[in-house]
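Participant: For the protein sequence lines, the chains are C and L, in the order given. In short: position in the first sequence from 1, add 82, done, that's the numbering used here. In short: position in the second sequence from 1, add 5, done, that's the numbering used here. For every residue, glycine included, the Cβ atom is placed at its ideal position computed from N, Cα and C.
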Amino acid sequence: MTDIPVPAPAPQPAAAPVAPGQPAPPAMQLTGLVKRFGDKLAVDQLSLTVPVGSFYGLVGPNGAGKTTTLSMATGLLRPDAGQSLIHGVDMWQEPLKAKALVGNLSDGVKLFDRLTGEQLVTYNGLLFGLDRDEVAQRVSDLLALLDLEQAAGTLVVDYSAGMTKKIALACALVHAPRLLVLDEPFESVDPVSAANIRDILTGYVQNGGTVIVSSHVMDLVQRMCDHVAVVANGRVLVAGTVDEVRGASTLEDRFVELVGGRTHAEGPEWLRRS
Amino acid sequence: MVATLVKLRFLVLRNSLKRSVWQLVAVIIGGLYGLGVLGFAVIGLVALRFAPVELASTILVLAGSALILGWIVLPLVTFGIEQTLDPARLVVFPLPMGKLLVGLTVAGVLGVPGIVTSIAALATVATWSLDVLTAIGAFVGAVLGVLICVIGSRTMAALSTSLQSRRRFRELSGILIFIPLILLGPLIAGLAQGIRNSSDALPGLARSLSWSPLGAPWSIPADLAIGDYGPAALKLLIALATLAVLVLVWRRSLALALVTPKASGGHRVARGKTGLFGVLPATPAGAIAARCLTYWRRDPRYARQLIIVPLVPVLLWFYSNNLHSFALFNATGPIVAFLLALAIYTDISYDGTAFATHIADGVRGRDDRIGRVAALAVIAVPLVLLLTIASVWLSGSWNLLPMLLGLSAAALLAGFGVSSVSSARVVVPVPAAGDNPFRSAPGAGFTTMLSGFAIWGVSLLLVIPAVVVGVLSLVFDSALLGWLTLVVGLGLGAVFLVLGVRMGGAELDRRAPDLLVRLKSQRGAA
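(1) Out of curiosity, what's the CA-to-CA distance linking H106 (chain C) and S153 (chain C)?
(2) Per DSSP, which residues does Y138 (chain C) bridge with? Please list them.
(3) When you compare the CB of K247 (chain C) with every CB in chain L, is at least one pair closer than 9 Å?
(4) Counting only Cβ-Cβ distances shorter than 7 Å, please list the residues of the segment 175-191 of chain C near chain L, keeping chain order.
(5) Decide yes or no for the touch test of the segment 143-163 of chain C against the segment 180-196 of chain C: beta carbon pairs closer than 8 Å, at least 3 of them.
(6) Note down, in chain order, every chain B residue with its Cβ under 8 Å from the Cβ of F343 (chain L).
(7) Along the chain, where does the alpha helix (DSSP H) containing V132 (chain C) start, and where does it finish?
(8) In the DSSP assignment, the alpha helix (DSSP H) including V116 (chain C) goes from what residue to what residue?
(9) By Cβ distance, which residues of its chain are closer than 7 Å to L298 (chain L), with the 5 residues on each side in sequence left out?
(10) Cβ closer than 8 Å: which chain C residues qualify as neighbours of T299 (chain L)?
(11) Quick one: which chain C residues come within Cβ less than 9 Å of P387 (chain L)?
(12) Taking V263 (chain C) as the reference, which of C:A124, C:A180 and C:G207 has the closest Cα?
(13) List the residues of chain L whose Cβ lies closer than 7 Å to the Cβ of F210 (chain C), in chain order.
(14) Quick check on V474 (chain L): buried or exposed, where buried means 16 or more other Cβ atoms within 10 Å of its Cβ?
(15) Check distances from the C-beta atoms of the segment 127-146 of chain C to those of chain L and list, in chain order, the residues that come in under 8 Å.
(16) From D519 (chain L) to Y205 (chain C), what distance separates their C-alpha atoms?
(17) Measure from the C-beta of R214 (chain C) to each C-beta in chain L and report whether the shortest distance is under 9 Å.
(18) Using only the alpha-carbon positions, how far apart do N335 (chain L) and F481 (chain L) sit?
(19) If we cut at 9 Å on Cβ distances, does V155 (chain L) have a partner in chain C?
(20) Identify the contact partners of D304 (chain L) in chain C, using a Cβ-Cβ distance below 9 Å as the criterion.
(21) Please identify the residue among L:V155, L:P470, L:A143 and L:A499 whose C-alpha is closest to the C-alpha of V532 (chain L).
(22) If you draw a straight line from the alpha carbon of F458 (chain L) to that of L465 (chain L), how long is it in whole angstroms?
(23) Under three-state DSSP, which class holds R523 (chain L)?
(24) Count the other C-beta atoms from every protein chain shown that fall within 10 angstroms of the C-beta of D162 (chain C), then say buried if there are 16 or more, exposed otherwise.
(25) With 9 Å as the threshold, decide whether the Cβ of R523 (chain L) is near any Cβ in chain C.
(26) Using C-beta distances below 8 Å, list every residue in its chain close to G150 (chain L), excluding the 5 sequence neighbours before and after it, in chain order.
(27) Compare the Cα-Cα distances from T122 (chain L) to each of L:L259, L:G41 and L:W322 and report the closest residue.
(28) Would you identify the three-state DSSP class for S270 (chain C), choosing helix, strand or coil?
(29) Applying a beta-carbon distance threshold of less than 7 Å, which residues of chain L neighbour R160 (chain C)?
(30) Using the Cα positions of T57 (chain L) and D136 (chain L), report the straight-line distance between them to the nearest angstrom.
(31) Determine, for H298 (chain C), whether the minimum Cβ-Cβ distance to residues of chain L falls below 9 Å.
(32) Identify every residue that forms a DSSP beta bridge with D265 (chain C).
(33) Determine the contact status of G532 (chain L) and L345 (chain L), defining contact as a CB-CB distance below 9 Å.
(34) Check the Cβ-Cβ distances between L193 (chain C) and every residue of chain L, and say whether any is below 9 Å.
(35) For Y205 (chain C), go through chain L and note every residue whose CB falls closer than 7 Å to its CB, in chain order.
(36) Starting from R328 (chain C), trace the alpha helix (DSSP H) both ways and give me its first and last residue.
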């Protein structure tokens, strides 16, 4: 990464107001979250504690309830039951206060893509109530950091999938949140950009911020995260530090062992002809 | 292959009806209406068999021309182009172009309008059952006529799609080119008005139309009936040539549309130019206003609603001329105000799931409402002022200005208030951003219409006080009451606006995440 000039330092999370004498609450605490879609129980009494300063990976098979959980945690989807505390602030009781602490990159929702990339990040900054000069400075830093300067003036609708992820990440970072919640941030991002994003996130954690990422890529989670939770069928199967969870094997093997469903068939005969 | 496409079309129709009871009701009502019209048409056509040939041919050519024009123009203006079988979605299958065209045509003919049109057209065979040759001519003409109807409308759909895929046409200008097309209605009505005054002109009009692509297929049997074999052959050629040209244009624009990716880049500005975001106040509400205004310019779904701005004055001018009274024309300002204010009644549906940004960023409902209304006000207030003053100037009735301004203010401000509440509650299916704005969204239609009418009703109610004072000022010819209308319009309007923003804002604060769930399911339906 040394050959890529990084003009701006990694964004720093705002300082944590720690009450003296009291243990600081975890960055995110989910308690008994439940969400039902029709007959399907998407999230089933899910509880999870994300310590401050951790780089937390959330892994699970397709349809495990990762996106649903993160949506409920960040105020996008109303839980049927349960609680989401962000640094001790209840997301569903004091949403404005809680949301100011969170930077959110959600999967499966659109962006206001008729804006240019620069406009979009500016828009998000202004929505969080930052003043104009502050926003302009941060937008320029973020575009440089994510290597989007060339595309700053292009409409987001004309971006590639990977660029769109990066601009969404910039939108999540612009208000210097204390907790970053990223749903599938590496999907369709090229390896160089992914490595850049990883560096940014690592720097962010080293400066006292907390990051939660959901991902399918076990290898990435194992290398990048210090904590991991395996989710399947709307429940947490196991959670802890990466080393605790994987034990002696790799995270991927442990995951398959936990979740199951691995088949060794070679597929139907007609598919093997070519 | 063709059968598969047709089957697919009915399967899609059936499944979409299963999803929504209201749509089923709409289709049943539409079907009954179609049956009624069809019954009368068939009876009339059979009765024409016993009318003089001259009369029968005049009626058939005029009606047939109107039918073809209706098939081609109507979808653009009203419900949008029906694309149950969207060619763009069939592109992944290895279908030869020829088979695709045949399949789409057959599926088009077998839709409800297609069936009604076909039966009516074939009934002309009864009209012309004077001798065998004429009857055969009628049959050939009917088949050609129906094909021109169906293929003409498909061609128009493909053309509008391929125009849309060019960036330049995807923005405001793309809408503007359709304005003359929409004004075609009043123009034809005007023409008809002139003709009604001298009904002798009708046969003449029919005669000239019979040489045009619109009337040619219908006049083949008419010429045969009176023994004009030469003109009949020529008209057959005209109809065939029309069909050939339509198929050719359809084929080419479809081929183009299928290989042209939708997002053709192009719009770029220099870095550091944030447009309106640098101009409007740097607050959440200001940012939302800037974003909305940017969308009004870049998103044709918004720009489409501005069509009414030139349309209303032209229509009213036209009717005023007919009635020799400027009363209607003077109402331009208030009517445009009323319609424009409700342009954002379902604004959040247009955001789609991008609305999640507002939820995740913790935008207060009030700021959201104020931003959206402010953006619309920047566009609507100058336009309404301009139109109100211009209409008074043109009609020379300056004494009415305070009253008319009062009505405009009442309609605009109350409409803003109603839109602020309704767009926090109503989610309707709309075309996705970047789609053809003239395309009807799947599942739209009847439910959209219902909610639209409900919102019109509510804002009409809110305008009543100002209208009452305004009418009184006209009845008593009182300048004082005219000024009072202005006061009532501004005062009450302001109250409704503030109330609307508060109620809509509170609604959003409470239920924004639930709104997002509905927006997501809407997208799933598309």
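Facilitator: Based on what the coordinates show:
(1) The question names His, but residue 106 (chain C) in the sequence shown is Ala. Distance between the alpha carbons of A106 (chain C) and S153 (chain C): 24 Å.
(2) C:I294 and C:H309
(3) no
(4) P177, L178, K181, A182, N186, S188 and V191
(5) yes
(6) Reference to chain B is not applicable here, since the protein chains of this structure are C and L.
(7) Note, V132 (chain C): premise wrong, no alpha helix (DSSP H); beta strand (DSSP E) at K122 to V132.
(8) In the DSSP annotation of this structure, V116 (chain C) is not part of any alpha helix (DSSP H); the continuous beta strand (DSSP E) holding it starts and ends at M110 to F119.
(9) Hits under 7 Å: L281, A380 and V383.
(10) R196, L197 and Q201
(11) Going along chain C, no residue has its Cβ under 9 Å from P387 (chain L), so there is no contact; the nearest lies around 23 Å.
(12) Minimum Cα-Cα distance from V263 (chain C) among the listed residues C:A124, C:A180 and C:G207 corresponds to C:A180.
(13) D366
(14) buried
(15) none
(16) 23 Å
(17) yes
(18) Taking the straight line from one Cα to the other gives about 18 Å.
(19) Not closer than 9 Å to any Cβ of chain C, the Cβ of V155 (chain L) fails to qualify, so no.
(20) R196
(21) The structure shown does not extend to residue 532 (chain L), since chain L is modelled only from 6 to 531, so the question has no answer here.
(22) 10 Å
(23) Collapsing the DSSP output to three states places R523 (chain L) in a helix.
(24) Per the 10 Å Cβ criterion, exposed.
(25) no
(26) G69, L72, I73, A126, P222, W223 and A244
(27) L:G41
(28) coil
(29) P518 and D519
(30) Here residue 57 (chain L) is Pro; the residue named in the question, Thr, does not match the sequence. Approximately 15 Å, taken between the alpha carbons.
(31) no
(32) C:S296
(33) Outside the displayed span of chain L (6 to 531) sits residue 532 (chain L), for which this structure offers no information.
(34) yes
(35) F282, A292 and R296
(36) Taken as a continuous stretch (DSSP letters only), the alpha helix (DSSP H) holding R328 (chain C) covers V324 to R328.
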